[in-house]
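These notes concern the structure reproduced below.
2 protein chains.
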Amino acid sequence: MINYDSFLSRRGLDMQGSAIRRIGALSAGIPDMISFAPGYPDPAVTPWADFREIASGLLSGSDSEVLQYGPTRGHAPLLDAVTSILAERGIRASREELLVTTGSQQALDLAARVLCDPGDVVIVELPTYTGALAAFRDAQAELVGVRQDADGINLEDLEAVVKRERRAGKRVGCLYVVPNFQNPAGLLMGLEKRRRLLETASRLDLLLVEDDPYGALYFDDADAPLTRPIKAADDDGRVLYLSSFSKTLAAGFRVAWIAAPAPLVAKFDVAKQAADLCSGALDQRMVYEAWKRGVLAAGVPRLRAHYRHKRETIERAMRATLDGVLSWRTPRGGFFILASLPEDLNGEDLLQPAIAERVVFVAGAPFFVDGSGRNTIRLSFSLPAPDRIVEGVNRLARVIRQALERR
Amino acid sequence: MINYDSFLSRRGLDMQGSAIRRIGALSAGIPDMISFAPGYPDPAVTPWADFREIASGLLSGSDSEVLQYGPTRGHAPLLDAVTSILAERGIRASREELLVTTGSQQALDLAARVLCDPGDVVIVELPTYTGALAAFRDAQAELVGVRQDADGINLEDLEAVVKRERRAGKRVGCLYVVPNFQNPAGLLMGLEKRRRLLETASRLDLLLVEDDPYGALYFDDADAPLTRPIKAADDDGRVLYLSSFSKTLAAGFRVAWIAAPAPLVAKFDVAKQAADLCSGALDQRMVYEAWKRGVLAAGVPRLRAHYRHKRETIERAMRATLDGVLSWRTPRGGFFILASLPEDLNGEDLLQPAIAERVVFVAGAPFFVDGSGRNTIRLSFSLPAPDRIVEGVNRLARVIRQALERR
Numbered sequence: 178m179i180n181y182d183s184f185l186s187r188r189g190l191d192m193q194g195s196a197i198r199r200i201g202a203l204s205a206g207i208p209d210m211i212s213f214a215p216g217y218p219d220p221a222v223t224p225w226a227d228f229r230e231i232a233s234g235l236l237s238g239s240d241s242e243v244l245q246y247g248p249t250r251g252h253a254p255l256l257d258a259v260t261s262i263l264a265e266r267g268i269r270a271s272r273e274e275l276l277v278t279t280g281s282q283q284a285l286d287l288a289a290r291v292l293c294d295p296g297d298v299v300i301v302e303l304p305t306y307t308g309a310l311a312a313f314r315d316a317q318a319e320l321v322g323v324r325q326d327a328d329g330i331n332l333e334d335l336e337a338v339v340k341r342e343r344r345a346g347k348r349v350g351c352l353y354v355v356p357n358f359q360n361p362a363g364l365l366m367g368l369e370k371r372r373r374l375l376e377t378a379s380r381l382d383l384l385l386v387e388d389d390p391y392g393a394l395y396f397d398d399a400d401a402p403l404t405r406p407i408k409a410a411d412d413d414g415r416v417l418y419l420s421s422f423s424k425t426l427a428a429g430f431r432v433a434w435i436a437a438p439a440p441l442v443a444k445f446d447v448a449k450q451a452a453d454l455c456s457g458a459l460d461q462r463m464v465y466e467a468w469k470r471g472v473l474a475a476g477v478p479r480l481r482a483h484y485r486h487k488r489e490t491i492e493r494a495m496r497a498t499l500d501g502v503l504s505w506r507t508p509r510g511g512f513f514i515l516a517s518l519p520e521d522l523n524g525e526d527l528l529q530p531a532i533a534e535r536v537v538f539v540a541g542a543p544f545f546v547d548g549s550g551r552n553t554i555r556l557s558f559s560l561p562a563p564d565r566i567v568e569g570v571n572r573l574a575r576v577i578r579q580a581l582e583r584r
Numbered sequence: 178m179i180n181y182d183s184f185l186s187r188r189g190l191d192m193q194g195s196a197i198r199r200i201g202a203l204s205a206g207i208p209d210m211i212s213f214a215p216g217y218p219d220p221a222v223t224p225w226a227d228f229r230e231i232a233s234g235l236l237s238g239s240d241s242e243v244l245q246y247g248p249t250r251g252h253a254p255l256l257d258a259v260t261s262i263l264a265e266r267g268i269r270a271s272r273e274e275l276l277v278t279t280g281s282q283q284a285l286d287l288a289a290r291v292l293c294d295p296g297d298v299v300i301v302e303l304p305t306y307t308g309a310l311a312a313f314r315d316a317q318a319e320l321v322g323v324r325q326d327a328d329g330i331n332l333e334d335l336e337a338v339v340k341r342e343r344r345a346g347k348r349v350g351c352l353y354v355v356p357n358f359q360n361p362a363g364l365l366m367g368l369e370k371r372r373r374l375l376e377t378a379s380r381l382d383l384l385l386v387e388d389d390p391y392g393a394l395y396f397d398d399a400d401a402p403l404t405r406p407i408k409a410a411d412d413d414g415r416v417l418y419l420s421s422f423s424k425t426l427a428a429g430f431r432v433a434w435i436a437a438p439a440p441l442v443a444k445f446d447v448a449k450q451a452a453d454l455c456s457g458a459l460d461q462r463m464v465y466e467a468w469k470r471g472v473l474a475a476g477v478p479r480l481r482a483h484y485r486h487k488r489e490t491i492e493r494a495m496r497a498t499l500d501g502v503l504s505w506r507t508p509r510g511g512f513f514i515l516a517s518l519p520e521d522l523n524g525e526d527l528l529q530p531a532i533a534e535r536v537v538f539v540a541g542a543p544f545f546v547d548g549s550g551r552n553t554i555r556l557s558f559s560l561p562a563p564d565r566i567v568e569g570v571n572r573l574a575r576v577i578r579q580a581l582e583r584r
């Protein structure tokens with residue numbers, strides 16, 4: 178029997194699976210399970226008929242490129258569509274500043290490859306998205322967290338952390354932020370905070386990796402101007418802006434993009450050649466056609482209403498059953514609520530009893546790189562139907578009340 | 178203006194684009210260009226009507242998972258289909274030994290991440306596939322070449338190289354081989370050579386990365402038993418076997434797989450979570466349905482005849498116009514001929530005059546990690562129609578004859 182450990186690279190030895198994916202495996206296949214775990218878009222609002230019609234046209238055989246290898250940068254018409262989408266968000270990006278990626282996860286991976294040597298420090302929010310943590314960890318970067326206030330990252334803490342790490346001899350090159358309806362905390366970074374963050378990044382000479390999968394999905398207590406990307410004010414070329422069609426069209430296409438200064442995009446292009454040569458040809462065309470035919474534009478307002486209703490449903494149910502037990506900030510868009518349990522409860526400890534009650538969530542701790550957040554849980558309200566949300570919260574309330582009684 | 182170099186990782190600084198992709202960019206958009214450059218499958222033999230029907234069924238909306246995020250390992254029915262395909266090739270693989278990848282390029286990338294530390298030696302054939310070189314280089318591995326004979330890798334040279342590198346203190350963990358109709362040399366590794374290679378790998382304690390995108394595409398001067406994978410005899414669990422649907426169904430789906438010992442696949446799974454979470458959901462189902470409905474099985478014999486005819490066409494044209502000038506080994510399958518020019522001609526030098534004549538190929542040198550092969554060119558005969566192949570060879574002959582006259 179071969180001992181494979183001797184063949185593994187250091188990062189191969191270090192690799193740990195995603196907590197979210199592990200929960201998925203644990204709870205999969207159990208009948209009547211209600212899952213608040215994955216940040217999945219709701220297929221009930223997928224424009225199936227449009228996609229069926231688009232696919233039928235694309236697969237007529239009249240365009241031989243539809244199922245062929247394509248350019249690493251992405252399907253050219255899709256790149257131009259992205260330019261238009263970005264313009265609506267206040268961002269100017271030429272073709273040389275764009276690359277289509279196989280989901281935003283790949284954009285994170287490419288950024289980590291191109292920017293991080295082993296031991297380099299990457300600054301992240303407390304808490305932050307675990308997929309980004311996975312990508313930076315895979316590059317053997319060291320992750321250091323910065324506190325968040327209600328309006329986003331705390332700039333005094335950011336400055337202190339960067340200076341402390343640099344004094345310790347660390348290379349600190351980039352900061353990863355999710356300003357719009359952050360995963361997992363649901364926070365919306367304030368406009369003034371965005372302006373000052375860019376100033377601070379400039380003063381500290383940091384690159385900003387701005388991840389924006391949820392910006393279009395604001396609810397009626399927010400609006401488009403409040404979600405204006407930091408990249409829109411990026412005169413220096415300091416911001417790498419990531420966004421995606423996964424939450425607004427369909428996640429299964431694996432089509433996202435990165436907008437960044439041309440010299441960096443040239444590197445991402447080379448890194449992507451090594452990673453997967455090119456993203457799916459049919460997928461990119463499906464997305465492009467959905468944009469061109471107005472399916473995306475028509476769908477997004479519906480998505481806002483759809484997910485807003487789910488947020489209201491889950492908050493109402495939480496208030497009804499867990500008032501004074503759970504505390505949370507109301508997300509003004511996106512898919513997530515990060516709820517705090519009483520200090521002495523651990524989200525991880527609730528998972529097995531929750532699965533026994535046929536409800537599941539993600540424990541908050543893996544989102545916090547400093548080991549805090551053990552008493553938090555992330556509830557994604559995007560996927561379950563409203564009646565299932567209510568029933569799921571009822572089950573969760575039973576689990577939490579039992580844990581409180583046992584302590 | 179920001180100097181981005183100071184933000185780049187060492188591998189970011191080192192990154193160089195693919196020679197093949199660069200040629201593609203140089204020659205793209207020139208009217209009447211005949212390209213022998215990319216190893217693209219011919220869309221003329223794509224089963225468009227089948228795919229159209231499959232897509233229409235999948236996108237009915239009845240299965241809400243079709244456009245959703247999916248398991249990192251891959252769509253479960255597709256994994257079972259791969260088990261059947263592998264069984265036909267003499268390979269037994271359970272679900273725990275399989276992972277779907279976003280094209281074989283991703284399998285190479287995952288292998289490089291999981292197995293290679295910076296400075297580790299990876300052994301490759303002379304010449305070998307540049308995509309594999311890109312993946313291993315991205316992991317900052319050092320690539321060391323081993324000579325090939327007509328029946329594949331030279332085992333005496335392999336042993337000498339491994340021992341030399343280890344004496345020099347290098348970690349030498351794996352060997353990358355393409356036994357079936359190798360890209361770029363078109364070689365078919367002999368069965369006895371395969372057996373002895375596995376023995377040698379065992380004795381030297383090497384893992385084998387066996388890349389097999391072309392095995393099903395043998396011509397009438399070969400047959401299935403001659404393409405039997407090395408993995409079929411892998412009792413030790415020493416072989417990582419890569420294969421793909423890109424050359425037999427469609428490259429645009431980006432659906433391929435890796436079969437390897439379960440402990441390594443568990444690591445690839447984690448690495449893939451960081452790389453792109455999961456491969457395309459629709460793409461995997463399109464491929465699965467094409468397999469299930471017999472589209473793949475019915476298509477492959479047609480592909481063999483189709484590409485064999487193209488090989489005959491290009492060889493006949495080459496013999497007619499370049500006899501005694503070019504030399505090459507007849508490929509018994511696959512997409513490629515590696516032709517040698519007279520010793521004092523450089524393939525790279527012919528590219529500009531060739532593009533001026535509206536024909537293009539790939540210079541051979543980038544496929545050779547030892548700096549040799551400067552007088553070789555790779556001609557891919559898979560994509561152009563037969564009459565274009567003949568015309569392309571005529572143009573190439575003019576370019577080469579002019580170069581010979583000028584020297």
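Just so you know, the sequences run in chain order X and L.
Throughout, the numbering used here is defined as the position within the first sequence, counted from one, plus 177.
Throughout, the numbering used here is defined as the position within the second sequence, counted from one, plus 177.
We put the beta carbon where it would ideally sit given N, CA and C, even for glycine.
From a predicted model like this one, the values you see are computed outputs, not experimental measurements.
**Asked** Within this structure, are the beta carbons of X:F430 and L:L459 separated by less than 8 Å?
**Response** yes
inquiry  = Between L:Y465 and chain X, is any beta-carbon pair separated by less than 8 Å?
reply    = no
Helix, strand or coil at X:Q325 according to DSSP, with G and I counted as helix: strand
For L:G280, the nearest candidate out of L:E492, L:Q193 and L:K424 (CA to CA):
L:K424
Residue-chain proximity (X:M210, chain L), Cβ-Cβ < 8 Å | no
Segment contact flag, the region 227-242 of chain L with the region 445-454 of chain L, C-beta cutoff 8 Å, min 3 pairs | no
**Asked** Do X:T377 and X:E342 have their CB atoms nearer than 8 Å?
**Response** no
Three-pair Cβ contact test at 8 Å for the region 533-542 of chain X versus the region 211-219 of chain X
yes
Interface residues of chain X facing L:A427 [CB-CB closer than 7 Å]
L244
| message | Please give me, in chain order, every unbroken run of the alpha helix (DSSP H) with length at least 4 that falls completely inside the region 321-381 of chain X. | response | 332-344 and 368-381
(message) Applying the 10 Å Cβ sphere with the 16-neighbour rule, what's the burial state of L:A393?
(response) buried
Return yes when the Cβ of X:R229 is within less than 8 Å of the Cβ of L:L236, no when it is not. yes
Grab me the residues of L:S379's own chain with a C-beta within less than 7 Å of its C-beta, minus the 5 sequence neighbours each way, in chain order. D413 and R415
### Message
Only counting the same chain, and skipping five residues up and downstream in sequence, which positions put a Cβ closer than 8 Å to that of X:E274?
### Response
A436, A437, P438, A439 and V442
Q.
Beta-carbon within less than 7 Å of L:L276's beta-carbon, same chain only, minus the 5 sequence neighbours each way: which residues are those?
A. R250, G251, W434, I435, V442, F445, D446 and K449
*Could you tell me the boundaries of the beta strand (DSSP E) in which X:I435 lies?*
A433 to A436
(Q) Any beta carbon of chain L sitting closer than 8 Å to that of X:P390? (A) no
key: Distance CB(X:T305)-CB(X:V355) smaller than 8 Å   = yes
Check: Between X:G251 and chain L, is there a C-beta pair that is closer than 8 Å?
Finding: no
Helix, strand or coil for X:G238 per DSSP? coil
Checklist entry - What is the rounded straight-line gap between the Cα of X:D526 and the Cα of X:V298? => result 31 Å
Between the Cα of X:Q579 and the Cα atoms of X:V502, X:G510 and X:L560, which residue gives the shortest distance?
X:V502
*asked:* Would the region 348-364 of chain X count as touching the region 472-486 of chain X if we require 3 or more Cβ pairs under 8 Å?
replied: no
Could you name the residues of the same chain whose beta carbon sits closer than 8 Å to that of X:L375, not counting the 5 residues immediately before and after it, in chain order?
L385, I407, A410, D411, R415 and V416
ask   = From X:D191 to X:T223, what does the alpha carbon distance come to, in whole angstroms?
value = 38 Å
*Please confirm if L:I435 has its CB atom under 8 Å from at least one CB of chain X.*
no
Do L:Y465 and X:A428 have their beta-carbon atoms positioned less than 8 Å apart in this structure?
no
Practice task
Could you tell me how far apart the beta carbons of X:A531 and X:L556 are, in whole angstroms, since I believe they sit closer than 8 Å?
Solution key: Actually they are not in contact, since the Cβ atoms of X:A531 and X:L556 sit about 11 Å apart, beyond 8 Å.
(message) Using C-beta distances below 7 Å, list every residue in its chain close to X:L454, excluding the 5 sequence neighbours before and after it, in chain order.
(response) Y246 and T249
Margin query: Check for me: the beta strand (DSSP E) holding L:F544 runs from which residue to which?
Written below: Segment: none, L:F544 is in no beta strand (DSSP E) and carries neither H nor E.
Here's the rule: buried if 16 or more other CB atoms are within 10 angstroms of the residue's CB, otherwise exposed. What is X:D500? exposed
*Leaving out the 5 sequence neighbours to the left and right, which residues in its chain are closer than 7 Å to L:W468 when beta-carbon positions are compared?*
A258
Next on the checklist: Could you check whether the Cβ of L:S237 sits closer than 8 Å to any Cβ belonging to chain X?
Outcome noted: yes
Practice problem: Closer than 7 Å by beta-carbon distance: list the chain X residues that pair up with L:M192, in chain order. | Solution: K444, V447 and A448
Check your understanding: Where does X:R555 sit, in a helix, a strand or coil, going by DSSP?
Key -> strand
- Task: List the endpoints of the continuous beta strand (DSSP E) containing X:L383.
- Result: Element bounds for X:L383: n/a, residue is neither H nor E.
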